[in-house]
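Here the structure comes first, spelled out in structure tokens, and everything after it is commentary.
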Amino acid sequence: MRAGRKVYDKIAPLFPRYQAGSRDMPAPVEGTAIEVFPHATAVLLRGDLCPRQMGKVKFPARSLRGNEST
């Protein structure tokens, strides 16, 4: 976690940390640094949860490639 903070500190001049804004007016994400979780991103992009037989390792990679077969 400390190493991650150092990375964000180094890139802050070019990509400031994302500030959430409010529920009524969220802040734009473009041009900011955000932490991304591969499984959560795949669920969002695919619009569906991971099939049980696939697992959380293969699911993000296959979802991002567009290969949804198990």
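Just so you know, the sequence shown maps onto residues 1 to 70 in the numbering used here.
Glycine included, every Cβ here is placed at the ideal spot set by N, Cα and C.
Quick check on DSSP: helix, strand or coil for residue i?
i     : result
Ala40 : helix
Ala3  : helix
Thr70 : Unreliable placement is indicated for Thr70, whose pLDDT of 46 sits below 50; no coordinate value is reported for it.
Gly47 : coil
Is residue i near residue j, with beta carbons less than 8 Å apart?
i     : j     : result
Ala33 : Phe59 : no
Ala20 : Pro13 : no
When the Cα of residue i is compared with those of the options, which residue comes out closest?
i     : options                    : result
Gly31 : Lys6, Arg62, Arg17         : Arg17
Pro28 : Arg62, Phe15, Ala40, Ile11 : Phe15
So if DSSP puts residue i in a beta bridge, which residue, or which two residues, is it bridged to?
i     : result
Gly21 : Pro26
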